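There are 2 protein chains.
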Amino acid sequence: MDLAAMVREQAQAAKAASRRLAVLSRPVKDAALRAMAQALEDEAATVLAANAEDLREAEAKGTKRSFLDRLMLNEERLASMADGLRQTAALPDPIGEGLSETVRPNGLNIRRVRVPIGVIGIIYEARPNVTADAIGLCLKSGNAVLLRGGSEAIRSNRAVSNLLSAAAYRAGVPEGAFQFIDSTDRQAVEAMMQLTGLLDVIIPRGGSGLIQRVLQESAVPVIETGAGVCHTYVDDDADFVMAARIAVNAKTSRPAVCNAMETLLVHQDAAPFFLPRLAAEMAEKGVELRGCDAARAIVPSMRRATEEDWAAEYDDLILAVRVVDSLDAAIEHINRYNTGHSETIVTNRLESARRFQREVDAAAVYVNASTRFTDGFEFGFGAEIGISTQKLHARGPMGLNELTSSKYLIMGQGQIRK
Amino acid sequence: MDLAAMVREQAQAAKAASRRLAVLSRPVKDAALRAMAQALEDEAATVLAANAEDLREAEAKGTKRSFLDRLMLNEERLASMADGLRQTAALPDPIGEGLSETVRPNGLNIRRVRVPIGVIGIIYEARPNVTADAIGLCLKSGNAVLLRGGSEAIRSNRAVSNLLSAAAYRAGVPEGAFQFIDSTDRQAVEAMMQLTGLLDVIIPRGGSGLIQRVLQESAVPVIETGAGVCHTYVDDDADFVMAARIAVNAKTSRPAVCNAMETLLVHQDAAPFFLPRLAAEMAEKGVELRGCDAARAIVPSMRRATEEDWAAEYDDLILAVRVVDSLDAAIEHINRYNTGHSETIVTNRLESARRFQREVDAAAVYVNASTRFTDGFEFGFGAEIGISTQKLHARGPMGLNELTSSKYLIMGQGQIRK
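Protein chains in written order, with my numbering: chain A, 1 to 418; chain B, 1001 to 1418.
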């Protein structure tokens, strides 16, 4: 059988399973999640052996260090995957929740209730923990899942997926609920993107190349995730000590993640006081600064920033710095260059805070806090499948609720329409 | 300038306007909607003259009667368009509504509030009233709109759009908020579908050919609307008088709309009693029946149904009839052939009603009522931009809330992430 036909067959099996998953009771789902966590711990050796082979091959190919780190599993990372599954079991079941209820003048009772989406496709890159996270979150939200992981992690992903499937099916999850595409051929991705009527959504997780390609080519609806050109704006009426602390945290606490700051904007009246102090603190952390002319007039050691710097997602210890002449200019800069992820203002002025939150177009708009807080755990969702940077369906961190849809249930007593 | 560049420029103008629209106050929006309604009435003659030309050209081309009827405007239809705009003005403003609020252990206050989507693209076919409806609903929900209507209605759409834009801009709506693509060239649609980063969503309204093409080809996210292969299932424990009344209403009250019934399923124990009565009533209404063998054994005058009939959206006085041996078989048939729109069961048995509502996969699942009720007005939304048959973002009738997204507003006091 060719690859596209195989992928279609897997999606059909997932769709068939999704009907039963949608009405699976909470105790069965939670028991399965706990059994899956246990299986990961009990059979850690199998997964680690598969992962060692993936690592060996990647090293032989000369893969770079940071990528190997993402690919690598150890006892501790497996324990954290198992822990994630147990935490998901402990979360409330979103399915069946009543979202609204009205009685119409003709007596029809119209309820809107939460239901699963159906079949979710996930296309991801290096990290094998996504396999366990995605399976766990989809199960809890009553969805079947079709997984396509990165080719470098195929042995690890296969081992995790086999292990979790076996444990889940033993615990009463309908067979076919979790489908892992066991192929490194890129055509599997093409095939997935054409499965309208079988897949309800595709969530790509990985670099912007992957995400843009899926957005462009998929006939199945896509939820865009991840890219983060995040800004910190220091208002003229800011607490500069707080502003420096927030900026350093936003840039350096984990520079490679999507909620890290990429560009700092500073009001021109604040710049002469704030920038020298900030430059010193950033230098201490090893951050390279690239500034506009006004910023370089204050801190001459900065490299000159180009147009590309304003749009760059460095994911590294580099920071673009721009002096702006007003709050309006800051908002305009952000709305022009941002990716709709996370933005923050540091200010003591109520009106600046209000206008920044109203007018900046992003999933998460902060006042006096680091952009690094944008994720499902920090927002209290208990889990996360990704961070949506689009406006349809879900915006910001996506937890269990964002993996659901709704359905209208209408109860009548013989009503007909005139 | 070529067409694609013109369309892109219009989308850019819409996006620029959308920033100001997003923070436009309710009084300005409502006053503009009322002024637009007034303008439609005051300048009815201009619109009717343009429509008369469209009609003349369509007639000369030999366009069929039902299409001409959709295209035609008169004083009464204009009054109803104006009325729709005034009703939209009277609806609550969805923008700014608080959707959730939590305080995290670290003191961060996280609110989720309703915001506009941004720029909405609408691709529609014959009916010029969509121009006014779409502009009104997008304005009230704070969205800019890029409209592409059917070529047969271009003069009518242009007249309505010019009139409404002028009235709205005079009333304080930011210029550029409503963009009408003044071209009958199909390449305008191609161009729209590539406007990622400018258009946030495309909503196609029209026949399934249009919708499927947009779904398949658009790089911009699409909300699927419209197709309705709706079923009525008559359980063995049904009130047959009620069942016949509901079935006749669902099939004949307006056969060409998407919430009309296309297939009737009857439990085998009910069929001998129910089908002869139903066949007589349907015959009186001029409905052609196409049945399975078991149905034809009871009502031999039915034509034999083929596999195509089960999937057909007749939009006409034709009904497919199938006898099923159980509730399970009915649910299985529906989940196989339906389009996720509206389904109903007629039954007195609580367990049948419960299982039907849980297990049937559709936007609206009824008990003892006609499927014809699925629309925004009947659901109490006061307006409707279409009926979503997909599961992402919106499912079922889409009112003002479905034209919105959300945004997280986070208030801190200097919090940084460890």
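The beta carbon of each residue, even a glycine, is placed where N, CA and C say it ideally should be. Computed from a prediction, not measured in an experiment: that's the story for all the values here.
- Here A:G121 is not near A:L139, since their CB atoms are 8 Å or more apart.
- Between A:N143 and A:I181, the CB-CB gap reaches or exceeds 8 Å.
- DSSP places A:V220 in the coil class of the three-state scheme, outside both helix and strand.
- Annotated three-state conformation of B:P1092 is coil, per DSSP.
- B:E1125 sits in coil when the DSSP states are folded into three classes, being neither helix nor strand.
- Assigned with DSSP and collapsed to three states, B:G1136 falls in helix.
- A:E101 has A:R111 as its beta-bridge partners, per DSSP.
- The C-beta of A:P221 comes closer than 8 Å to at least one C-beta of chain B.
- For A:N106, the CB contacts under 7 Å within the same chain, skipping 5 residues up- and downstream, are Q415 in chain order.
- Chain A places no beta carbon closer than 8 Å to that of B:L1137, leaving this residue out of the contacts.
- Closer than 8 Å at the C-beta level to chain A, one finds no residue of the stretch 1315-1329 of chain B.
- Against chain A, the CB of B:M1193 has no partner CB under 8 Å away; the residue lies outside that interface.
- Flagged as an interface residue toward chain B: A:F379, by a C-beta distance shorter than 8 Å.
- Between the alpha carbons of A:P255 and B:T1374 lies a distance of about 50 Å.
- Within the model, the alpha-carbon separation for B:R1322 versus B:Y1366 is close to 19 Å.
- Put simply, the stretch 1242-1261 of chain B does not touch the stretch 1325-1338 of chain B. Fewer than three CB pairs are less than 8 Å apart.
- It is roughly 19 Å from the alpha-carbon of A:A320 to the alpha-carbon of A:M242.
- No Cβ-Cβ contact shorter than 8 Å links A:G386 with A:G150.
- The DSSP assignment places 1044-1060 and 1065-1071 as complete runs of the alpha helix (DSSP H) inside the stretch 1036-1088 of chain B, in order along the chain (cut-off: 4 residues).
- A:Q194 carries a coil assignment under DSSP once its states are collapsed to helix, strand and coil.
- Residues of chain B with a Cβ closer than 9 Å to the Cβ of A:D200 are, in chain order, Q1390, K1391 and L1392.
- Nearest neighbour of A:V47 by Cα position, chosen from A:A82, A:A13, A:P92 and A:R19, turns out to be A:A82.
- A:M411 has a beta carbon lying within less than 8 Å of a beta carbon in chain B.
- DSSP places A:A369 in no alpha helix (DSSP H) but in the uninterrupted beta strand (DSSP E) bounded by A364 to A369.
- In this structure, B:L1137 lies near B:A1383, with their beta-carbon atoms less than 8 Å apart.
- When 8 Å is used as the limit between beta carbons, A:M242 is near these residues of chain B: G1414, in chain order.
- Annotation for A:Y124: V130, G149, G150, R205 and G206 place their beta carbon closer than 7 Å to its own, counting only its chain and skipping 5 residues before and after.
- Taking a Cβ-Cβ threshold of 8 Å, none of the residues of chain A is close to B:E1262; the smallest such distance is about 16 Å.
- The bridge partners DSSP lists for A:K407 are A:V113.
- A straight-line Cα-Cα distance of about 23 Å links A:A132 and A:P221.
- Against chain A, a Cβ distance below 8 Å from B:S1405 picks out K391, L392 and R395.
- A:G118 has a beta carbon lying within less than 8 Å of a beta carbon in chain B.
- One Cα belongs to B:G1084, the other to B:F1381, and the distance between them is close to 12 Å.
- About 4 Å separates the beta carbon of B:N1051 from that of B:L1073, a gap short enough to meet the 8 Å contact definition.
- A straight-line Cα-Cα distance of about 9 Å links B:S1100 and B:Y1408.
- Within the same chain, Cβ atoms closer than 7 Å to the Cβ of B:A1016 are found at G1176, the five residues on either side in sequence being excluded.
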